[in-house]
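Engineer: Sharing a structure here in structure tokens format.
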Amino acid sequence: METLLKEIAPPNVQFHGHQSNMNEVWQNVDLLLITSRYEGLPMAALEAMSRGIPVISFELGELPSVIDTGSNGWITSTPEDMRATLNTWFSLSDAKRSQIKYHAQQTIELNYSTDVVIPTMLGVYGLKA
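What follows is the structure in structure tokens.
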């Protein structure tokens with residue numbers, strides 16, 4: 000679809016292609032939109048949120064259990080809803096954006112970090128951390 004998308008893309012859209020070092024890319028990302036229709040728990044969402052990057056996504060797999068709409072990101076149901084939510088993000092004050100970014104990062108740190116997940120997994124197997 001790359002050729003078609005490039006043909007219909009407005010001038011403000013840039014195609015960066017495959018990225019082999021996301022550490023350099025994440026620092027330039029302010030908000031992540033996940034437009035997939037089917038996924039389990041997208042690692043991109045967890046990676047973004049761990050860096051304080053909120054996510055706007057359709058209701059996919061486990062994302063509704065991770066994202067608290069309006070607090071640490073947004074779950075949307077239609078492309079129109081996603082567009083409206085994106086416009087909401089643009090209209091937020093810097094203080095409100097910072098609060099949402101902080102909550103995104105805290106969600107991952109408190110629920111999905113290795114400090115939380117490894118002891119949980121060891122407990123499943125009856126082992127101590």
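Quick note on numbering that gives the first Met the number 0: the sequence shown kicks off at 0 and runs consecutively.
Heads up, the beta-carbon is just placed ideally off N, CA and C, and yes, glycines get one too.
So if DSSP puts Phe57 in a beta bridge, which residue, or which two residues, is it bridged to?
Structural biologist: As a working note, residue 57 is residue 58 in the sequence shown. DSSP output for Phe57 lists Thr75 as bridge partner(s).
Engineer: Please report how far the alpha carbon of Ile55 lies from the alpha carbon of Leu126, in whole angstroms.
Structural biologist: Start at 1 with the first residue of the sequence shown, and residue 55 comes out as number 56. Start at 1 with the first residue of the sequence shown, and residue 126 comes out as number 127. So the two alpha carbons sit approximately 37 Å from each other.
Engineer: Going by beta carbon distance, what residues of the same chain come within less than 8 Å of Pro41, once the five residues before and after it are set aside?
Structural biologist: Taking the first residue of the sequence shown as 1, we reach residue 41 at position 42. Taken in chain order, the residues that qualify are Ile33, Ser35, Ser56, Leu59, Gly60 and Leu62.
Engineer: Near Trp25, which residues of its chain fall below 6 Å by C-beta distance, leaving aside the five closest residues on each side in sequence?
Structural biologist: Counting from one through the sequence shown, the residue named residue 25 turns up at place 26. Correct list, in chain order: Arg50.
Engineer: For Thr68, which three-state DSSP category applies?
Structural biologist: As a working note, residue 68 is residue 69 in the sequence shown. Three-state DSSP puts Thr68 in a strand.
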